[in-house]
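Quick note: the sequence shown uses our numbering, first residue 2, plus one each step. Backbone N, C-alpha and C fix where the C-beta goes; we use that ideal spot for every residue, glycine too. Owing to the predicted nature of the structure, the values given are computational and were not obtained by experimental measurement.
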Amino acid sequence: MRTFLLAAALATLATTSQAAEIRVVAPGFIYNSALKELAADFTKQTGVNVIVAEIGMNVALDRIKGDTPPPDVVGLPSDLMNTLMLEGGITPDSYTPLGRDEIALAVRKGAPHPDISTVEKLATVLKSGGKIMVNSPTGGTMQGQIIGTILAKPQFAGVNAVPVTRGEGAAALARGEGDMALQLVPEIYNKPQIELVAPLPAELGGHMDAMLAVSSRSADRKDALAFIRFVTRPEAKPAWTAKGMKPF
C-alpha cells in the first residue's frame, strides 16, 4: 500500500511540477553514496529538477541556515540533524532516518586483505601496516574525530597514523601515499585505485548515521518531502547498498 501511494504521488508530481526545482545539500558521507543517482531517477519520474550539492561537515549548519537560495532537503549525521531540529531548522514531520556508513580499512588495489574481524586482530594489522592514512582529527570533519577517538584507545598505541592535510585519508592512499587508510565505506568504493578490506569491528563504534529532513526555509516543501520518501522507499535500498551505505 505504501509503495502504491508513493507511486501515485510521484505521478501527480510529474504532471503538476514540470518547472519545479529543489535543492539538496549533504556532507560527503551522504553525497558519495547514492544521492546523485537517486536524484536523477526522481527527476526522470517526476519532472522535478534536483540540484545536489556537497557541503563540508564543519560548515554544514551555517550553510543550511544561511545559503541563498536556501536548501529544500538537508542530509546530516544524526547529532547535527538533532541540533538543527532543536533550532527550528527543519520541519519536524520530515525527520527521516536514511542509513549507516561504517568506517573501514582500505588497501591499495591488489594488496592482501588482512583479517580485522576482532579489535585485537585490527590492532595487530594497523601496528604492522606501515603508514595508515586518516582524515585529520583537527580538520573539522566528524569522521576524522571518530577515527582519532578510536586510535586513541590503548589497544592502538604504536599505530603510525598519518593525518592528511589535503582531502581524505582514502584519497591520499589512492594517490600512492601511505600503505593503508581508514575511511567511510562509500569514500573507499568511489576510488578505483584502492579496495575495501572490511568495516572495523562494531564494538569500536566507527560509524555515522545519516538523516534527511525538509529545511524549514524550503519554498517547496511538498516536492522536498516527496524526494525524501522516494530515496528512502524499499526499492531504493539496493542503490544505497551498492555505494556502501547500510540503509535503515
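Under DSSP, GLN184 takes part in a beta bridge, and its partners are ALA105. Boundaries cannot be given for GLY206, as no beta strand (DSSP E) includes it and DSSP labels it neither H nor E. At a Cβ-Cβ threshold of 8 Å, VAL135 and GLY170 count as neighbours. Taking the C-beta atoms as reference points, ASN33 is found nearer than 8 Å to GLU188.
The DSSP assignment places 120-128 as complete runs of the alpha helix (DSSP H) inside the stretch 119-144, in order along the chain (cut-off: 4 residues). Closest option to LEU185, judged by alpha-carbon separation, among GLY179, GLY145, SER219: GLY145.
Non-local C-beta neighbours of ALA175 in its own chain, meaning closer than 6 Å and more than five positions away in sequence, comprise LYS192, GLN194, ILE195, ordered along the chain. Between the alpha carbons of ILE23 and SER219 lies a gap of roughly 9 Å. Comparing alpha-carbon positions, the option among LEU226, ALA237, LEU205 lying closest to GLU103 turns out to be LEU205. Listed in chain order, the non-local C-beta contacts of ASN161 below 7 Å within the same chain comprise GLY131, LYS132, ILE133, local neighbours out to five positions each way being set aside. Two segments are said to touch when three or more pairs of C-beta atoms, one from each, lie closer than 8 Å; by this definition the stretch 87-100 does not touch the stretch 42-57. Shortest Cα-Cα distance from GLY111 to any of ASP221, LEU197, ILE229, VAL232 involves LEU197.
The residues LEU106, LEU123, VAL126, VAL198, ALA199, LEU201, PRO202, in chain order, have a CB closer than 8 Å to that of ILE117 in the same chain once the five nearest residues on each side in sequence are set aside.
Burial state of ILE52 is exposed, judged by a 10 Å Cβ sphere holding fewer than 16 other Cβ atoms.
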